[in-house]
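Contents: one structure, followed by commentary.
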């Protein structure tokens with residue numbers, strides 16, 4: 005009735021009872037998938053492989069649901085034995101949590117200024133009718149929108165000739181001149197010269213919907229770049245603002261982003277805008293996808309974000 009330490013043929017150490025072994029019970033709990041420490045280890049390793057992390061402070065058992073946050077920021081519950089059997093760790097990402105996916109799709113469309121015209125969820129791979137801010141009707145696929153795709157072909161680079169025509173027409177109406185010799189895309193800033201001879205970078209997709217073409221004339225000179233973090237959810241947010249950043253940082257703090265990691269103020273010209281643009285481009289090249297909007301990422305992207313910001317800050321110091 006006393007446990008005896010043994011090592012099985014696979015190298016696992018265990019302490020079986022001799023009387024149990026005599027009754028035909030195996031000598032190794034790990035090999036029998038009954039060792040809680042081994043089960044927890046394998047569960048955590050699987051989460052790490054999937055880019056997810058565990059919210060529970062301790063092990064609850066292989067058949068008990070555990071709270072986790074997946075690589076895309078969804079908070080869900082999964083049982084370790086189900087995960088080890090190959091099931092997806094996130095029902096929302098797997099398209100099986102229809103209500104969550106439906107809500108996320110409507111939120112994504114709303115963030116781009118559009119309206120979902122469907123009254124019910126048709127499925128993540130089924131086109132859904134929407135109306136964009138410009139009044140165009142289109143039917144994007146929800147899974148494509150979730151991955152960062154636009155909601156309107158006419159307003160996006162999918163219909164570049166129409167987008168370029170409307171952009172150039174609006175700039176001319178406002179007394180400005182487009183300095184670019186070719187179309188760079190609806191979401192890519194273009195150099196323009198306003199009627200007051202200011203040179204600025206302006207995104208075409210914002211101009212037809214009512215945004216001005218010159219931040220200086222609108223007293224919106226982006227001269228601050230910041231990086232803040234939500235430590236509870238392991239997410240980071242970067243962005244730009246004008247003048248005193250306290251109001252903007254306060255908004256983010258109320259949203260959970262209370263830790264300030266970087267703050268660059270009084271940046272000259274389009275330095276802040278160019279830095280924000282570069283960080284987004286480099287993150288996309290590195291394979292990092294936003295978990296929300298365009299500038300919210302998991303901590304996996306944090307080292308690259310900080311390196312790019314610090315390099316820019318070093319350049320500013322050298323130039324001074």
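Numbering (the numbering used here), first residue to last: 5 to 324.
Ideal placement from N, C-alpha and C gives every residue a C-beta, glycine not left out.
Relative to the C-alpha of residue 352, which candidate in 220, 65, 78, 59 has its C-alpha closest?
The structure shown does not extend to residue 352, since the chain is modelled only from 5 through 324, so no value can be given for it.
Along the beta strand (DSSP E) that carries residue 301, what are the first and last residues, could you check?
Taking the chain shown and counting its residues from 1, the one referred to as residue 301 is at position 297. Per DSSP, residue 301 belongs to the beta strand (DSSP E) from 300-302.
Just the Cα atoms here: how many angstroms apart are residue 19 and residue 299?
In the chain shown, the residue the question calls residue 19 occupies position 15. In the chain shown, the residue the question calls residue 299 occupies position 295. Straight through space, the alpha carbons of residue 299 and residue 19 are spaced by roughly 51 angstroms.
Per DSSP, what kind of secondary structure is residue 71 in: helix, strand or coil?
Reading the chain shown from its first residue, position 67 is the one you call residue 71. Secondary structure of residue 71 (DSSP, three-state): strand.
Give a yes or no on contact between the stretch 265-275 and the stretch 218-238, applying the rule of three or more CB pairs nearer than 8 angstroms.
Contact between the stretch 265-275 and the stretch 218-238 is present, because at least three Cβ pairs lie under 8 angstroms.
Any idea if residue 141 is buried or exposed, counting beta-carbon neighbours within 10 angstroms, 16 or more meaning buried?
What you label residue 141 is simply residue 137 of the chain shown in a count that begins at 1. Counting C-beta atoms within 10 angstroms of its own C-beta, residue 141 has fewer than 16 neighbours from the protein chains shown and is therefore classed as exposed.
Rounding to the nearest angstrom, what Cα-Cα distance links residue 189 and residue 126 in this structure?
As a first step, residue 189 must be located in the chain shown, where it is residue number 185. As a first step, residue 126 must be located in the chain shown, where it is residue number 122. About 31 angstroms.
Relative to the alpha-carbon of residue 256, which residue among 274, 233, 275, 73 has its alpha-carbon at the smallest distance?
Residue mapping note: residue 256 aligns to position 252 of the chain shown, counting from 1. The shortest Cα separation from residue 256 among 274, 233, 275, 73 belongs to 233.
C-beta atoms of residue 280 and residue 244 nearer than 8 angstroms
On the chain shown, residue 280 is found 276 positions in, with the first residue counted as 1. On the chain shown, residue 244 is found 240 positions in, with the first residue counted as 1. Result yes, Cβ atoms of residue 280 and residue 244 sit closer than 8 angstroms.
Counting only runs of 3+ residues fully inside the stretch 153-218, write out the beta strand (DSSP E) ranges in chain order.
Taking only runs of at least 3 residues, the beta strand (DSSP E) segments lying wholly in the stretch 153-218 are 194-197, 203-206.
Could you tell me whether the stretch 201-209 touches the stretch 236-253, using the rule of 3 or more Cβ pairs below 8 angstroms?
Too few Cβ pairs lie closer than 8 angstroms, so no.
Please check the pair residue 208 and residue 148, which I expect to be a contact at CB under 8 angstroms, by giving their CB distance rounded to whole angstroms.
Against the chain shown, residue 208 aligns to sequence position 204. Against the chain shown, residue 148 aligns to sequence position 144. Between residue 208 and residue 148 the beta-carbon gap is near 21 angstroms, outside 8 angstroms, which marks them as no contact.
Under a three-way DSSP split, which group does residue 17 fall into?
Position 13 of the chain shown, counting from 1, holds the residue named residue 17. DSSP, reduced to helix, strand and coil, places residue 17 within a strand of the structure shown.
Need the endpoints of the beta strand (DSSP E) that residue 220 sits in, please.
Counting from 1 along the chain shown, the entry for residue 220 is found at position 216. DSSP places residue 220 outside any beta strand (DSSP E), giving it a letter other than H or E.
Sort out for me which residues DSSP pairs residue 142 with in a bridge.
Within the chain shown, numbered from 1, the residue matching residue 142 stands at position 138. According to DSSP, residue 142 bridges with 134.
Is the CB-CB distance between residue 77 and residue 263 below 8 angstroms?
Looking up residue 77 in the chain shown gives position 73. Looking up residue 263 in the chain shown gives position 259. No.
Under a three-way DSSP split, which group does residue 55 fall into?
Taking the chain shown and counting its residues from 1, the one referred to as residue 55 is at position 51. Three-state result, residue 55: coil.
Which one of 80, 43, 50 has the shortest CA to CA distance from residue 64?
For this step, residue 64 is matched to residue 60 along the chain shown. Comparing Cα-Cα distances from residue 64 to each of 80, 43, 50, the minimum goes to 43.
Cα-Cα separation between residue 258 and residue 12, rounded to whole angstroms
To locate residue 258, count along the chain shown from 1; it is residue 254. To locate residue 12, count along the chain shown from 1; it is residue 8. Cα to Cα, residue 258 sits roughly 54 angstroms from residue 12.
Per DSSP, the bridge partner or partners of residue 264:
As a first step, residue 264 must be located in the chain shown, where it is residue number 260. Per DSSP, 232.
Chain-order list of residues whose beta-carbon lies under 7 angstroms from that of residue 196 (same chain, five-residue window excluded):
On the chain shown, residue 196 is found 192 positions in, with the first residue counted as 1. Here the set comprises 175, 180, 181, 182, 183, 204, 206, 217.
Using alpha carbons as the reference points, say which of 85, 120, 108, 48 lies closest to residue 61.
Locating residue 61 in the chain shown gives position 57, counting from the first residue. Of the candidates 85, 120, 108, 48, 48 places its Cα closest to the Cα of residue 61.
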